[in-house]
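Residue numbers (the working numbering), protein chains in the order written: chain R, 5 to 261; chain V, 55 to 499. Since the structure comes first, as structure tokens, the remarks are kept for the end.
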Amino acid sequence: IVGGTPGNSPWTVSLRDRSVPFLILSILSLTLFIFTVADEMIFVPVDRKGKHFCGGSLVNSKWVISTKQCFSSCYVDLTGYAAIMGTVFRDPKEGEAGTQSIALSKIVCGPSESHLVLLQLETPAEFNERVSQICLPPERYIVPEGTACEIAGWGETKGTGDETVLNVAQMQVQSNSECNQYFKGRVKQNEMCTTSFFGGVGACEKDYGGPLACQNSDCWVLEGVIIPMRRCGHQGQPNIFIRVSMYVDWIKKVMEM
Amino acid sequence: QVHRSALNDFQRSEGRELVAFKADRVTMLSAITLEECAKRCSESIDCRAFNYVFRPSVICKHLPWVGNTANAEVKRNVNCDLYEMKVYIRKCIIGNGEEYRGGVSKTMSGRTCQQWWSKFPHDHRYTPSSTNGLELNFCRNPDGDIIGPWCYTTDPERRYESCNIPQCKDEVCITCNGEDYRGQVDRTVSGREYPDKSLDDNYCRNPDASPVPWCYTTDPEVERERCDIRKCSEVPKRRSRSSYTTNCFRGRGEDYRGKINETTSGIPCQRWDAQSPHKHPFYPHTYECKGLEENYCRNPDGSEAPWCFTSKSEMRTALCLQIKRCADDIEAEDCYNGNGKNYRGIVRKTRKGILCQKWSVNTPHKTRINPEAHPEANLTENYCRNPDGDLHGPWCYTTDPKTEFDYCAIKQCAGEDPPIIMPPEGVVFNECGKRDDRMLKSRLR
């Protein structure tokens, strides 16, 4: 999240990949990588827990919604993948109170063009003051312009914040017609926008799949899902999300079936 | 492991049994471990293969022939694994071929070899025994000659000649980094071997995008080492050009060859042929089939998606997730009006190409929506239908046990969009979306 501040978002989960093979892990890790000449490598193991790679939202105790962009296919083998919730820390310590880490057991791809996936948790999440589900909007509901919303994630801050804790950024709904002035008509009906602040606020790498939650009296409703955009928190650029209300019928159908 | 396992000398064929065509030459040992069975076979003078039966009880059956011997038959048996001595099935040689026990019996010029037991037309001093492998008229190398296996010939004019049996390391060359290598080199460049974790493929492989095929070794001091396998002289593109994509990526994006050269957050990528600001092992000339041109986003190592080293010294790598994923839907075979509730076509495939399950059966998925529950929906056979008025079109249960239902390979007829519904005012939510903001302050403290 660019331009955010540490915050609380009990429905936001961190999706963790499986621990990766030595070679990849050693290369992508910034520490403990030892390199020898004559192109042979000595591998030094680093910690083997999965890493945070994308966000998601709890839409009920057994299902998390995220974006397909985070997964290589609708049939990806989820062995070793997990969702962590109940903590504001990106890498909570072993046994940190209130943290729940639950394996992912199934992935269901949404209708084409939705770029959404539903991920089933192997065991139901326990709801408490740290973990709760977010409301789903009515089907095909258009959230009014100006509604107060927020995005949340543990992703890249581009130096504007601390990536080891959950960051939250506030923004308001912008109508598609206004948004299309900036994006020259490319914003579709199944997408929605929020205003841009001049300081540049928005989601970035590893926030994808996370929530755009909008206030409705004293509740928060999942109106959008974060998808990758070119550039993050770019000054003056509105943020685009997938409009969840277009797919509430599919979400409910999957959870029922 | 401290000792070298005898199993290293055998190639395993899972679920196979070598049928004994001479029952009297079979030795049966019961209730011994696989390791012991292999050890005894190696030590036995005429054992060349063994069946290791593990159900209903463990039996080790030593056989004096291998599957490629005349009259031998290998059949399927899920309760048994076949182990054959590699030296008897290998068609190439390692080193000078002294261990070669293959069945070639012609010299490089095509002359037929003379039987080793015979002294005619050429007299010689070699006598076949149960240990020196001088069997029939097969090429052998009893004197460790550097030319490799040879034989006396049946041509009076030519006493002996090499059989020109290829070196295993040359027999199959590798393209790119050898990811597709399936040859029979089973030791490293310095001769170290692979532990016995999985014998049927203990040959050198390249499962993790290393520069060349490699293997773990039985040397406790050396965990893994690369293997010496000849590089093909011409460098064909490993995959046909048609699998390459330029404006989207499939799967993990290994075949992406587009020109996006910045990360999702807009940071320019570092050139692959540069080592600053980040040093890295992915030299374009070492990974010549991975398309490491310029500073384009690529996936040379099986990561989740195309990525690159960034030009920011404090950020080593980043994914290029802004590149669209190619739609992996198959071609639509029909179209529907509205939301497809009245569709009565005969498409029976999902958008991913999976065959639909019949509406009237309950396997692999129990159908809560079925012809009894929805008599009006024309749920015949396994044709795509929309009995519940799904706004995303006709769907079906699928024959893939992991995918309960999916939308079909049918698109909406041109120019139709389902209407937007404006719900009534004052929608009330309960037991969801509640947050206790006071809690955050206490936790962060």
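We put the beta carbon where it would ideally sit given N, CA and C, even for glycine.
query, result
"Given this structure, state the Cα-to-Cα distance separating residue 314 of chain V from residue 347 of chain V, to the nearest angstrom.", "11 Å"
"Could you give the first and the last residue of the continuous alpha helix (DSSP H) run that contains residue 17 of chain R?", "Counting along the chain, residue 17 of chain R falls outside any alpha helix (DSSP H), though it belongs to the beta strand (DSSP E) covering 16-20."
"Alpha carbons only, please: which of V:81, V:61, V:113, V:109 is nearest the one belonging to residue 93 of chain V?", "V:61"
"So is residue 381 of chain V in contact with chain R if we call contact Cβ pairs under 9 Å?", "yes"
"Per DSSP, what kind of secondary structure is residue 140 of chain V in: helix, strand or coil?", "helix"
"Under the three-state reduction of DSSP, which class applies to residue 180 of chain R: helix, strand or coil?", "helix"
"Starting from residue 115 of chain R, find everything on chain V with Cβ-Cβ shorter than 7 Å and list it in chain order.", "446, 461"
"For residue 369 of chain V, which option in V:212, V:323, V:357, V:394 has the closest C-alpha, if you only look at C-alpha atoms?", "V:323"
"In chain order, what are the residue ranges of uninterrupted beta strand (DSSP E) at least 3 long that sit wholly in the region 125-207 of chain V?", "127-130, 134-139, 204-206"
"Within 9 Å of any Cβ in chain R, is that where the Cβ of residue 232 of chain V sits?", "no"
"By the 8 Å beta-carbon criterion, what residues does the region 348-375 of chain V contribute toward chain R?", "355, 356, 357, 358, 359, 370, 371, 372, 373, 375"
"Can you round the beta-carbon distance between residue 350 of chain V and residue 400 of chain V to whole angstroms, since I take them to be within the 8 Å contact cut?", "With 8 Å as the limit, residue 350 of chain V and residue 400 of chain V do not qualify as a contact, their Cβ atoms being about 45 Å apart."
"Short check: CB of residue 133 of chain R to CB of residue 108 of chain R, under 9 Å?", "no"
"Name the DSSP beta bridge partners of residue 269 of chain V, please?", "V:279"
"Give the single residue among R:104, R:160, R:215 whose Cα lies nearest to the Cα of residue 65 of chain R.", "R:104"
"Under the rule that 16 or more other beta-carbon atoms within 10 Å means buried, what is residue 286 of chain V, buried or exposed?", "exposed"
"Tell me, to the nearest whole angstrom, how far the beta carbon of residue 152 of chain R is from that of residue 8 of chain R; I am working on the premise that it is less than 8 Å.", "Incorrect: roughly 15 Å between the Cβ atoms, too far for contact."
"Would you check if there are 3 or more beta carbon pairs closer than 8 Å linking the region 188-197 of chain V to the region 150-168 of chain V?", "yes"
"Hey, quick one: how far does the alpha helix (DSSP H) through residue 90 of chain V stretch, first residue to last?", "88-97"
"Inspect the beta-carbon positions of residue 237 of chain R and residue 214 of chain R and report whether they are closer than 9 Å.", "no"
"Could you tell me the boundaries of the alpha helix (DSSP H) in which residue 225 of chain V lies?", "222-225"
"When you compare each of R:115, R:159, R:122 to residue 82 of chain R by their alpha carbons, which one comes out closest?", "R:122"
"Comparing the C-beta of residue 140 of chain R with each C-beta of chain V, is any distance below 9 Å?", "yes"
"Specify, as a first and last residue, the run of the alpha helix (DSSP H) that residue 314 of chain V falls within.", "Element bounds for residue 314 of chain V: n/a, residue is neither H nor E."
"Alpha carbon to alpha carbon, how far is residue 218 of chain R from residue 319 of chain V? Give it in angstroms, no decimals.", "25 Å"
"In the DSSP output, what is residue 124 of chain R paired with across the bridge?", "R:67, R:110"
"Report yes or no: do the region 412-427 of chain V and the region 351-358 of chain V share at least 3 C-beta pairs separated by less than 8 Å?", "no"
"Give the C-beta separation of residue 433 of chain V and residue 440 of chain V to the nearest angstrom, bearing in mind that I take them to be a contact with Cβ-Cβ under 8 Å.", "At roughly 10 Å, the Cβ-Cβ gap does not stay under 8 Å, so residue 433 of chain V and residue 440 of chain V are not in contact."
"In chain order, what residues of the same chain have a beta carbon less than 8 Å from the beta carbon of residue 21 of chain R, not counting five sequence neighbours either side?", "54, 55, 57, 84, 85"
"Between which two residues does the beta strand (DSSP E) harbouring residue 449 of chain V extend?", "449-451"
"By DSSP, does residue 430 of chain V sit in helix, in strand, or in coil?", "helix"
"Restricting to runs no shorter than 3 residues, where is the beta strand (DSSP E) found entirely within the region 160-221 of chain R?", "171-178, 195-198, 215-220"
"Anyone know if the C-beta pair for residue 77 of chain R and residue 240 of chain V falls short of 9 Å?", "no"
"Go ahead and label residue 449 of chain V buried or exposed: buried means 16 or more other beta carbons lie within 10 angstroms of its beta carbon, across all protein chains shown.", "buried"
"Tell me which residues share the same chain as residue 316 of chain V and place their Cβ nearer than 7 Å to its Cβ, disregarding the 5 neighbours each side in the sequence.", "322, 323"
"Within 9 Å (strictly less), CB to CB, does residue 120 of chain R reach chain V?", "no"
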